[in-house]
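**Q**
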Amino acid sequence: MATFTHPMNADYTETVGAFSVILTAIFGPLYLLYVRAWFAALLTLIIGYPLAVMIATYAASSGSTWAGPLCYAIAALSWGLAMVPLIEKSYLRRGWKPRTTS
Numbered sequence: 077m078a079t080f081t082h083p084m085n086a087d088y089t090e091t092v093g094a095f096s097v098i099l100t101a102i103f104g105p106l107y108l109l110y111v112r113a114w115f116a117a118l119l120t121l122i123i124g125y126p127l128a129v130m131i132a133t134y135a136a137s138s139g140s141t142w143a144g145p146l147c148y149a150i151a152a153l154s155w156g157l158a159m160v161p162l163i164e165k166s167y168l169r170r171g172w173k174p175r176t177t178s
């Protein structure tokens, strides 16, 4: 879990961690646009959602009722986990400082 401090207001911090993964899995590019991770949002629209739908469709074609939704949830959470480094880099590019624990 990484915490970043705003460059102009040292009292304001943002944390990137497990909650970011869940929010990215649920809200996708909307959350990524909210945290201003433009590149991650674009990747999610172009690659992430089509890939998750393709995996879920392939799994659902096996005839199992739960295979499609389960595989979609796993793909969405995996994609959210893959977006964490891009969210962290977006904070660093905007001048946010990583908070060190002492």
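The sequence shown begins at 77 in the numbering used here and counts up one residue at a time.
Positions of the beta carbon are idealized from the N, C-alpha and C atoms, including for glycine.
Buried or exposed: which applies to glycine 213, given that a residue is buried once 16 or more other Cβ atoms fall within 10 Å of its Cβ?
**A** This structure gives no information on residue 213, because the portion of the chain shown stretches from 77 to 178.
**Q** For the beta strand (DSSP E) containing valine 92, list its first residue and its last residue.
**A** 89 to 92
**Q** How would you call glycine 156, buried or exposed, if buried means at least 16 neighbouring beta carbons within 10 angstroms?
**A** buried
**Q** Out of Thr79, Gly144, Val97, Phe95, state which residue places its alpha-carbon closest to the alpha-carbon of threonine 89.
**A** When the alpha-carbon of threonine 89 is set against those of Thr79, Gly144, Val97, Phe95, the nearest one is in Thr79.
**Q** What did DSSP end up calling threonine 133 once you bin it into helix, strand or coil?
**A** helix
**Q** On a CA-only basis, which of Lys173, Val160, Thr91, Leu168 is nearest alanine 244? Give me that one, please.
**A** For the chain, the structure presents residues 77 to 178; residue 244 sits outside this window and is missing.
**Q** Residues in its own chain within less than 6 Å of glutamate 136 by CB, not counting five upstream and five downstream?
**A** Residue identity check: residue 136 is alanine in the sequence provided, not glutamate. Same-chain partners within the cutoff: Ala143, Gly144.
**Q** Excluding five sequence neighbours on each side, which residues of the same chain lie with their C-beta closer than 8 Å to the C-beta of alanine 94?
**A** In chain order, Met77 place their CB closer than 8 Å to the CB of alanine 94, counting only its own chain and leaving out the 5 sequence neighbours on each side.
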